[in-house]
Structures are given as C-alpha cells and as structure tokens.
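Chains as they are written, first to last, in the numbering used here: chain A, 810 to 1206; chain B, 981 to 1199.
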C-alpha cells in the first residue's frame, strides 16, 4: 500500500521512509488513544498503524476504556485546555485517576516505544515498565485552564518527549523536548482522492446547490470556535455584490452539547435566504465532503480558535483557494497571498472572497501553490516519517 | 579530462542524508532585544534550523527572504531594510553557525526598533536523523549522476550541514574531489557557493551541476 504514495511524493521521499524505518526493525511500538473511530486522531491512527506495520515495525494500537462519567471529565479537560475556562464535573481528578489505574492494570504496555495520544490516556505513564514514552498532543495547550494543566503536567513531565502540532502551542513550563509535528491528510482516502466532476455535480445538485453559480463553503462543526455566524456575515457581505451560494457543512457531535445551540443560532442568522445551505451530514460523509470542497469556488475556515484545522489542507489539496482565520495551525497551511488569505474579521473575509470569486486566474494560481504546499508538508507520509524519527531519537537508534 | 570521470576513486563516496525534526528551543522573542538574547542562547542546531533549513522548500518562507529571522523581522516588526540585511548574511565556506550567529547579533544590535511584535518568534532547534541512502559513487561519473538524482536531503547534508555545524572545515563533496582526484579548482568552485542565499533546493542542485559541467565536461 505504501508504494501507492510514490507517484505523489516521489521515490526519494518514499525511500527515506524505508531507510529511517530500518533503524526501528525488530522493535515494538504502541499507540494508545481513547477512541477507535470518529475524530482526527482515530482517522490518523487508522492509516498510520498499518503503514508502520508495512514497514516491518511491530506496531499495535490500543484503546483505553472508561464510563460516561470518565469521558465527561476528559471532554471537560479538552475544553478547558483549549479555551482556558474551567467547568469541571465534581471529583474530576479522582475519576481521571481511577480510570488510568483500571486501564494501566488491564493493558499490556510493554513496548519499546509508546505513543500516548491526547490527555485522555496521559496518566498511563504511571504504569510504565519499560520503553520510551512519548505524549502526542493534538490540541492547543498554549492557553489552558491552569488547574487542569497543572494536574496533567505532573504526568506529562514524566514522558521522554512531547509532540505538539505547531510551535505556537509550545509551553515554556515543560522540560521534556517538544517536537513540532503537524498533522496530515491521506491523499488516497475517499475524502481526498480525485473524484469525477460528474460526482461532484451530482452531490451538489442533491443538496440543492447550483454548480453553475459561485459557491462559498465551510466544512466545520457548529462550534463557536469555527465562527459560523462570521461565515454567515461574510456570505451576506459578498451577496451584496455577487450571486453567491453558501454551504456550511457540519456533522452532529454527540460529545458537544453546545453544537445544537450553535446550530440554532446559525439557522437564525441565516434567516430565510434560500442560497444558504446549513447541512448536518452523518459522520463519515467523506465522499460528500470531498465533493463540497471540490465544487466550491472559495473554501473558508474562518475559525477564531483552532487546533490545527486540517479541513484547510483538505481544500488546498483539491486546488482550492482558501480563506482562513489567522489562528492556531491555520497560518502554517495558508500562506497569505500565496495559496489563500488569512483574515481576522468577516469584512476581511468578504473582501477576499469577492476578489477570489472575480479572479479565476488567481484562484487557479493559489490552487496550484496550495496543492504543492500540502504535498510537501501535510501528507500522511510526512507524518509517518516524523513519528519514525521521534521514535529513533528517543531510542538513540 | 573525460578519462578522469571513469577513473575509480581511492575511496568511494557513500551518500548519507538527513532530516531535522524540529524541537521547541524553550523560549520566544517579541522584540529585537529578545531576539538577540535568544540568538545568543540557542545551540548551533537552532541557528542551522532558522538560517539554513529554509533552503528546503518544504520549510515555507517567502522566496525573497532566505531565513526565518528575516521573514519575522519584515512581517512582524515591519522593518524591510533590516530584514534584507539579515536575509543576506554570508554562509559561505568556511563559515560555521558560530560565524553566522556573530553576524546576526552584530547586525541586530545596531538596529533601532522598539516595536513589540503581535506574533512572537518561536525559537526552534533540531536533531538530525541521519540515514544511509545506499548509493555509492565509485567514480566521478557516478558521483555526478548521483548528485543529479539523489534526494536534496543528501546534498544538503554533505554540502551544508556537516560543514556549517562545524563537523568538517570543508564540504564533503569538495573534500572527496580533492582527496581522490586532486581537482583543486573544481573543489574551490564548489566551496564558493553560498547555500544561505538559496530558497529553492533544486536551484542549489542545478548550480552544483553547472560547476561540474563547466569544469569536467566542457573542456
């Protein structure tokens, strides 16, 4: 399977992965996270683990278990680390410790290298018997709610290394090395691979969008951090000048109680404009997302806070000009004026959206640059190589 | 001259390559003074990362600024002239990261900017992960062919990294050519390329190959 990437990344790049993997032959690697499906981490691991095995490395993937109370706690940790606010269920720290102990006693953690993904299983470090342990943090921890961070930091400091997605998430209060490894997309997945134009049109028509008129889209949860109201305002400003349609494509998030409220607010802001489509697609609507991104004239990711925002890379890979919020990992993906525009306000977003709608040649130029930028920096093969390198360095191999 | 191309080398050239996983160096800078402090404090790998790593086009910098410091000064402090000066510091052989560090500090110390940036400069260092590419040149002919096709990571490792970080006083290519074939003129010409000023890896490869062509093929 890994050879299939050769025509995308080139033989030299692929060869480097094999050569670095040779250093880890015969060693065992374990990934641990909290869910087998749904969400970016599971998506990445479902690709990464088979690729590591294919390279001859004994790689396993294990999932921790917990009851709804535990996951309520970890969800509150997740939020408080990202938004700096503390709304924790009572007894959170005890509940967290209890489930670390249960999982620590149940799981075989005897591996040469153990990657622990995100805060949910971070406490397993207490049960290390051997090997090098690396905490892979997929979220923004630059401005956390301090009591939660202080609690987790006690565990995190015991790791040999930490991996963060962008330098802007780096912390000055950690002594362990913080590797900077952005996440990635799989260019061969249903969500990202080439699909026929007729499929794109079929899906747009299905959702009552007219492929013959400009479409602005944003693929995001209905979450205030993604600024859906700002997207609506942007559309309304553009609509004064151009016959544009808006597709805001989200999916329900069972672990996000705010989603429903934000959705209702967005519906209200949209009013009765028939050219605004607020869509709630079922999870795993990968083909539809692919089609919406490909069928858009301009793709937006107007977040006001963002972990990384891989939907940006997804759209850039499809040669789309993207307008993104100037936050989190988005500036790594969008180079202002080269493959898209970084914005802070709906007014700015509207200005650039209108410009891009009018300028087909600029869209094409940006699209080409965007795809190349993603090819070089945000494909799964690069992330695979980065993980191999961190393991190599941890082992001194 | 053509005979020398096929002449076996006393010692074949083994091509290695390297990637440099980035690691947060532990501090950031929002002003020129903090930037100077940071440059004084960081290790040589960090200077290499910020000044030479932009050669790789996977490390995104605008093409008119050849290092991270210059880009940040222009974009965040708004001083285009200072950015240009920092972009054009010399990285040619036999200079090392320590010479580059001295130049950076000298130029920045003379600057008069009181502005505080909205987005700080994050100091990053790196650790090289070196691997054997498996390719070996037993003659100059093979050497040229390999340079033309091998990963740019290998060229950068032998031509820039080992010399600029101070492991060797001369780039590996010039050294091998001189030791095995005594071609001092060719060796010198290769040494005279300044890798710091490149923001496109393939241009560096092209310029290296041009020197080989002029010195070995066209005479």
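Beta carbons: idealized from backbone N, C-alpha and C, even for Gly.
In chain order, 1085 place their CB closer than 7 Å to the CB of residue 1020(B), counting only its own chain and leaving out the 5 sequence neighbours on each side. Contact check for residue 1137(B) against residue 1194(A) fails: the beta carbons are separated by 8 Å or more. With 16 or more other Cβ atoms from the protein chains shown falling within 10 Å of its own Cβ, residue 1200(A) counts as buried. Between the alpha carbons of residue 1130(A) and residue 1156(B) lies a gap of roughly 47 Å. Closer than 8 Å to the CB of residue 1109(B) there is at least one CB belonging to chain A.
Nearest to residue 829(A) by C-alpha distance, out of 1198(A), 1203(A), 1205(A), 1204(A), is 1198(A). DSSP places residue 1053(A) in the coil class of the three-state scheme, outside both helix and strand. Neighbours of residue 821(A) across chain B, judged by C-beta separation under 9 Å: 997, 1113, 1129, 1130, 1131, 1132, 1133, 1134. Separation of the CB atoms of residue 1111(A) and residue 1152(A) is rounded to 7 Å, and the pair is thereby assigned contact status at 8 Å. Nearest CB-CB separation between residue 861(A) and chain B: not below the 8 Å threshold. At a cut-off of 8 Å between beta carbons, residue 1049(B) makes no contact with chain A. Around the beta carbon of residue 1166(A), 16 or more other beta carbons sit within 10 angstroms, so the residue counts as buried. Around the beta-carbon of residue 903(A), fewer than 16 other beta-carbon atoms lie within 10 Å, marking it exposed.
When the beta-carbon positions are compared, residue 842(A) and residue 927(A) come within less than 8 Å of each other.
With 16 or more other Cβ atoms inside 10 Å of its own Cβ, residue 1033(B) counts as buried. A residue is called buried when at least 16 other Cβ atoms come within 10 angstroms of its Cβ; residue 1081(A) does not meet this threshold and is exposed.
DSSP lists no beta-bridge partner residue for residue 1049(B). Along the segment 1159-1189 of chain B, none of the residues has a CB nearer than 9 Å to a CB of chain A. Every beta strand (DSSP E) of 3 residues or more that sits fully in the segment 1101-1166 of chain B is shown, in chain order, as 1101-1106, 1109-1119. Closest by C-alpha distance to residue 967(A), out of 844(A), 867(A), 1116(A), 937(A), is 937(A). Contact annotation: residue 1048(B) and residue 1030(B) have beta-carbon atoms nearer than 8 Å. Relative to residue 1080(B), the option among 1190(B), 1192(B), 1175(B) whose CA is nearest is 1175(B).
Contact of residue 1002(B) with chain A by beta-carbon distance below 9 Å involves 976, 988, 989, 990.
For residue 825(A), a Cβ of chain B is located within less than 8 Å of the residue's own Cβ. Taking a 10 Å sphere around the C-beta of residue 929(A), we find 16 or more other C-beta atoms and assign the residue as buried.
Excluding the 5 residues flanking it on each side, residue 962(A) has same chain C-beta neighbours closer than 8 Å at 982, 983, in chain order.
Residue 1013(A) counts as buried, since at least 16 other C-beta atoms from the protein chains shown sit within 10 angstroms of its C-beta.
Taken through DSSP and simplified to helix, strand or coil, residue 1032(B) comes out as coil. For the segment 1147-1158 of chain A, the residues whose beta carbon sits under 9 Å from a beta carbon of chain B are, in order, 1147. Sequence-distant Cβ neighbours of residue 1096(A) in its own chain, meaning closer than 6 Å and more than five residues away, are 999.
Between residue 1058(A) and residue 1088(A) a beta carbon distance of about 5 Å is seen, short of the 8 Å cut, so the two are scored as contacting.
Three or more beta-carbon pairs separated by less than 8 Å are not found between the segment 873-883 of chain A and the segment 846-858 of chain A, which leaves the two stretches without contact.
Restricted to the segment 912-993 of chain A, the beta strand (DSSP E) segments that are unbroken, complete and at least 3 residues in length are 922-926, 941-945, 970-973, 987-989, listed in chain order.
Residues of chain B with a Cβ closer than 8 Å to the Cβ of residue 1194(A) are, in chain order, 999. Where residue 1077(B) is concerned, the enclosing alpha helix (DSSP H) starts and stops at 1077-1090. Assigned with DSSP and collapsed to three states, residue 1176(A) falls in helix.
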